[in-house]
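Participant: For the sequence shown, the positions run 1 to 285 when the UniProt record's numbering is used. Cβ atoms here follow ideal geometry from the backbone N, Cα and C, with glycine treated the same way.
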Amino acid sequence: MVAPNLNKGLVPRGQTFHHGHRDNEFALEKAILLERLLGDVGSPLSLLKYQDQLQILDTGDRNEARVTADKLSVGGIGFRDIDITADITNPVGANGLDVGSPTVNTSYHFFVIASTPIENISTLAGLFSLSATAPAIPLDFSFFRRVGWRRRNAAAQFYRSSNAPDSNLFTWNEDTTATDFRVLNVATSALAFADVVASPVAPSTCRRIKVAGQIISVPNNLLNLYLRENGLSNAGQVPWLSVGNVMNGKRHGFVTLDASQIFEYHTDNTLHDVIIDVIAYEDIR
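#1: For residue 199, which three-state DSSP category applies?
#2: Counting Cβ pairs closer than 8 Å, one from the region 90-97 and one from the region 70-78, do we hit at least three?
#3: Considering only DSSP beta bridges, list what residue 308 is partnered with.
#4: Considering only C-alpha positions, which residue in the set 251, 112 and 232 is nearest to residue 240?
#5: Between which two residues does the beta strand (DSSP E) carrying residue 72 extend?
#6: Please list, in chain order, all residues of the same chain as residue 197 whose beta carbon is under 6 Å from its beta carbon, the five residues on each side excluded.
#7: Quick one: Cα of residue 98 to Cα of residue 228, how far?
#8: Is it buried or exposed for residue 230, if we count other Cβ within 10 angstroms and need 16 for buried?
#9: State the beta-bridge partners of residue 204 as determined by DSSP.
#10: Quick check for students: name the residue ranges of the beta strand (DSSP E) that lie wholly in the region 73-130, counting only runs of 3 or more.
#11: With which residues is residue 224 paired in a DSSP beta bridge?
#12: Using 10 angstroms around the beta-carbon of residue 165, count the other beta-carbons present and answer buried if the total reaches 16, otherwise exposed.
#13: Given residue 108, which residues of its chain have a CB within under 6 Å of its CB, disregarding the five upstream and five downstream residues?
#14: Which whole-angstrom value describes the C-beta separation of residue 56 and residue 148, a residue pair presumed to lie in contact below a C-beta threshold of 8 Å?
#15: Within 8 Å, do at least three Cβ pairs link the region 182-193 to the region 133-149?
#16: Would you report the Cα separation of residue 101 and residue 158, rounded to the nearest angstrom?
#17: The beta strand (DSSP E) with residue 57 in it runs from where to where?
#18: So, at 7 Å on beta carbons, what are the nonlocal neighbours of residue 49 in its own chain, with the 5 sequence-adjacent residues on each side left out?
#19: Which residue's Cα is closest to the Cα of residue 269: 131, 226 and 276?
#20: If we ignore side chains and look at the alpha-carbon of each, how far apart do residue 288 and residue 51 end up?
#21: Note down, in chain order, each residue of its chain lying with its Cβ closer than 6 Å to the Cβ of residue 182, except the 5 sequence neighbours on either side.
#22: Should residue 222 be labelled buried (16 or more other beta-carbon atoms within 10 Å of its own) or exposed?
#23: Could you compute how far the alpha carbon of residue 264 sits from the alpha carbon of residue 280?
#24: Considering Cα atoms alone, identify which of 161, 193 and 215 is closest to residue 203.
#25: Is residue 170 closer than 8 Å to residue 87 when the C-beta atoms are compared?
Set out below in structure tokens:
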């Protein structure tokens, strides 16, 4: 079991994050005080969501996720030099799953949790939860911040993905032609908009994915592929991918999702195969 991170970079009182202007030197401390006076932990004040170089990493163990950051606020408390690894097979609690036992083909949200400071010392740890907004944090902890997401496959392994520091775009480090990632594979395409479900490879907090689209066409036949967010009634759509006198057309691009991680597609000819793979997802954190 990985031990909780004790006071790993807790910002000393009065030495809060700098944002390039001395006027902001004590802004975070004031925001924390205001938040506690109002009893509004998790308020939208930007300094309470501050981060610098936040990154979610894979390790050599596919039960683990690692979070690193130069600076991170959790529940309005500032920390420096964050480096935490959690393992979903650990005993329930800090650096493991919040409740129950891990299951296959299941998505888990990844949190950093922090205890209330005592004499300016706080404890940090990681935590997995089925909930994106209300993890069951251990008794010794008071604050949480969601930092990422992981999907456990049929082999009880986390799918691997990576993001650049502070980026919300996560690129899959997997064979994205495999089941789960290949969200559409039809030989007779739909003439009217039809649903495509991306939830196995896009978290509940995701509203945009990057996909690889492919049309396998009959020679000398024009085919247009249209993509849109589920439920939108776009008029005069521009084709997402067009194929003319070629047998195979491909494109990478983004498509937005609804709250259930669904988008829609249709073509103007049913005589062709259409394949869509999810290659990256944008996670709102």
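Facilitator: Taking the coordinates as given:
#1: As a first step, residue 199 must be located in the sequence shown, where it is residue number 199. Three-state DSSP puts residue 199 in a helix.
#2: no
#3: Since the first residue of the chain shown is 1 and the last is 285, residue 308 is not available in this structure.
#4: Here the question's residue 240 lines up with position 240 in the sequence shown. If we check each option's Cα against that of residue 240, 251 comes out closest.
#5: If you number the sequence shown from 1, residue 72 lands on position 72. Here the beta strand (DSSP E) through residue 72 covers 64-74.
#6: Numbered from its first residue, the sequence shown carries residue 197 at position 197. Answer for residue 197: 262, listed in chain order.
#7: By 1-based counting over the sequence shown, the position of residue 98 is 98. By 1-based counting over the sequence shown, the position of residue 228 is 228. Whole-angstrom Cα-Cα distance: 36 Å.
#8: Position 230 of the sequence shown holds residue 230. The residue in question, residue 230, is buried, as its Cβ has 16 or more Cβ neighbours within 10 Å.
#9: As a first step, residue 204 must be located in the sequence shown, where it is residue number 204. DSSP output for residue 204 lists no bridge partner at all.
#10: 77-87, 106-114 and 123-129
#11: Your numbering for residue 224 matches position 224 in the sequence shown. According to DSSP, which records beta bridges pairwise, residue 224 is partnered with 242.
#12: Walking along the sequence shown from the start, residue 165 turns up at place 165. Classification of residue 165: exposed, given that the 10 Å Cβ count is below 16.
#13: Sequence index remark: in the sequence shown, residue 108 carries index 108 (1-based). The residues are 128 and 150.
#14: For the purposes of this step, residue 56 is identified with residue 56 of the sequence shown, where counting begins at 1. For the purposes of this step, residue 148 is identified with residue 148 of the sequence shown, where counting begins at 1. About 4 Å; that satisfies the 8 Å criterion.
#15: no
#16: Residue mapping note: residue 101 aligns to position 101 of the sequence shown, counting from 1. Residue mapping note: residue 158 aligns to position 158 of the sequence shown, counting from 1. Distance between the alpha carbons of residue 101 and residue 158: 15 Å.
#17: For the purposes of this step, residue 57 is identified with residue 57 of the sequence shown, where counting begins at 1. Run containing residue 57: 55-57, per the beta strand (DSSP E) assignment.
#18: The residue labelled residue 49 in the question sits at position 49 within the sequence shown. Around residue 49: 73.
#19: For this step, residue 269 is matched to residue 269 along the sequence shown. Measuring from the Cα of residue 269, the nearest candidate turns out to be 226.
#20: The structure shown does not extend to residue 288, since the chain is modelled only from 1 to 285, so the question has no answer here.
#21: On the sequence shown, residue 182 is found 182 positions in, with the first residue counted as 1. Taken in chain order, the residues that qualify are 277.
#22: Taking the first residue of the sequence shown as position 1, residue 222 is located at position 222. Result: exposed.
#23: Position 264 of the sequence shown holds residue 264. Position 280 of the sequence shown holds residue 280. Cα-Cα distance, rounded: 17 Å.
#24: The count along the sequence shown starts at 1 and reaches residue 203 at position 203. That would be 161, whose Cα lies nearest to the Cα of residue 203.
#25: On the sequence shown, residue 87 is found 87 positions in, with the first residue counted as 1. On the sequence shown, residue 170 is found 170 positions in, with the first residue counted as 1. Going by C-beta atoms, residue 87 is not nearer than 8 Å to residue 170.
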